[in-house]
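Accompanying notes for the structure given below.
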């Protein structure tokens, strides 16, 4: 009788969700995603803030580096280094475009309609060969407003190319270009400024005259973009969504 009572009681009590297993997410990209070691300077990469929204069971390894494009990341050996560390079951999130678009720099330039897509497809193939899961994300939007107040979406071609590659290859795609552009546009020129670097003169030795940077993110900007990404994980019901424990700080 006691055993039957305890069984009935257990059926009435809520069950605690099992903790997800340990997993590793590798980040691959440029300066908008990378870790910033000089915490005295206000710049942050959104990949640097991403762990703040995730359970500790998901280890984030940030391979993103300043100034890198698909071509340069591969030619410098950074991609090969990542592959040497990649384990079966890992995830790899890939975001390039800002430096691929620099036609004046042959070491980095990769045209959106040709080499950029070729490199992305190579990355996807390499990751899958190792039993890991590739994911693509479009480049975040620059804060580049025209005189009439409209945001110039100068990386749209690269975002569209990444989306096309993802669709053809059957990998998850996260359109941070669209999400960030829409958000900056909604805020306007003045409202979007705190999300990007603007330091006054006489504060940093490296920038004695001050600096206005409409590409790289402040803590506020990096946090917002990381929030965009984890919200998309939940919206898409992606397997990594179970590792998100909050969407706000």
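Numbering (mature numbering (1 follows the signal peptide of the UniProt record, and there is no 0)), first residue to last: -17 to -1, 1 to 232.
In this text, a Cβ means the ideal position worked out from N, Cα and C, and glycines have one as well.
Here the structure is a predicted model, which is why all the values come from computation and not from measurement.
A Cβ-Cβ contact shorter than 7 Å links residue 200 with residue 27. Here residue 19 carries a coil assignment [DSSP, helix/strand/coil]. Of all C-beta pairs linking the region 37 to 53 to the region 4 to 11, three or more are shorter than 8 Å, placing the two stretches in contact. Secondary structure remark: continuous beta strand (DSSP E) runs of at least 3 residues inside the region 7 to 69, in chain order: 41 to 45. When DSSP reads this structure, residue 194 sits in a beta bridge with 182. Residue 99: member of the alpha helix (DSSP H) spanning 98 to 112, first to last residue.
Residue nearest to residue 133 within the set 122, 143, 165 and 35 is 165 (criterion: CA-CA distance). According to the DSSP assignment, residue 116 belongs to no alpha helix (DSSP H) but to the beta strand (DSSP E) extending over 116 to 120. Closest by C-alpha distance to residue 33, out of 213, 220 and 154, is 213. Burial is judged here by how many other beta carbons sit within 10 angstroms of a residue's own beta carbon; residue 169 has fewer than 16 and is exposed. Note that the C-beta distance between residue 17 and residue 80 is not below 7 Å.
Judged by DSSP secondary structure, residue 159 falls within the alpha helix (DSSP H) whose first and last residues are 159 to 175. CA-to-CA, the gap between residue 182 and residue 138 works out to about 25 Å. Between the alpha carbons of residue 176 and residue 162 lies a distance of about 17 Å. Excluding the 5 residues flanking it on each side, residue 221 has same chain C-beta neighbours closer than 7 Å at 155, in chain order.
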